[in-house]
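Numbering (the working numbering), first residue to last: 96 to 227.
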Amino acid sequence: MPETTNTTTPNEPQDQNAAAAPAEAKTEVQEVQLPEAPADSGSPSGGQFDILLDMSIPISVVLGQTQISVRRLLQLGPGSVLQLDKAIEAPADLYLKDSKFAEADIVVVEDRFAVRIKRILGAGAATSSPGA
């Protein structure tokens, strides 16, 4: 680390303790020259968000929920049936992380489950996941 020297201005009285301090404790302060940023670097451009548009995000679909005792949970096996709290006509809830953002009907597309969006919820209507 460079060594600093203490200088005093003609109007400042010199501190007698500072003169007695060892020379090793002083470090030299140097001015830093930083390049200026281009004028247009702070303005947002559509290209900065393009990376977000191609990202994949996980969505969870909740058909319903139920509560059972631990004793009953331990008795479950292949062929066991858990009855959920929603009617068959009720929409499934779609969650992004722990926030509900839409409701949808369950459909089948090419031998796979799928969802048909019925309603997108606004930011104020979003609720937490039932499991959270």
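Virtual Cβ for every residue (Gly too), placed ideally from N, Cα, C.
- Segment contact: the region 171–182 against the region 145–153, fewer than three CB-CB distances shorter than 8 Å; contact not assigned.
- Pairing Gly217 with Ile152, the inter-Cα distance amounts to about 19 Å.
- Between Val203 and Arg211, the C-beta gap is not smaller than 8 Å, which leaves the two residues out of contact.
- Listed as beta-bridge partners of Glu198 by DSSP are Asp188 and Arg214.
- Here the alpha carbons of Val156 and Ala187 stand approximately 6 Å from one another.
- Looking at the backbone, the Cα of Phe196 and that of Gly159 are separated by about 16 Å.
- Taking the Cα positions, Thr161 is about 24 Å away from Arg214.
- By the CB criterion at 8 Å, Glu198 and Leu191 fall outside the cutoff.
- Listed in chain order, the non-local C-beta contacts of Gln143 below 8 Å within the same chain number zero, local neighbours out to five positions each way being set aside.
- The straight-line gap separating the alpha-carbon atoms of Glu123 and Pro133 is approximately 31 Å.
- When secondary structure is reduced to three states using DSSP, Val127 falls in the coil class, being assigned neither helix nor strand.
- Distance between Ile163 and Leu171, taken at the CA atoms: about 11 Å.
- Ser155 is bridged by DSSP to Tyr190.
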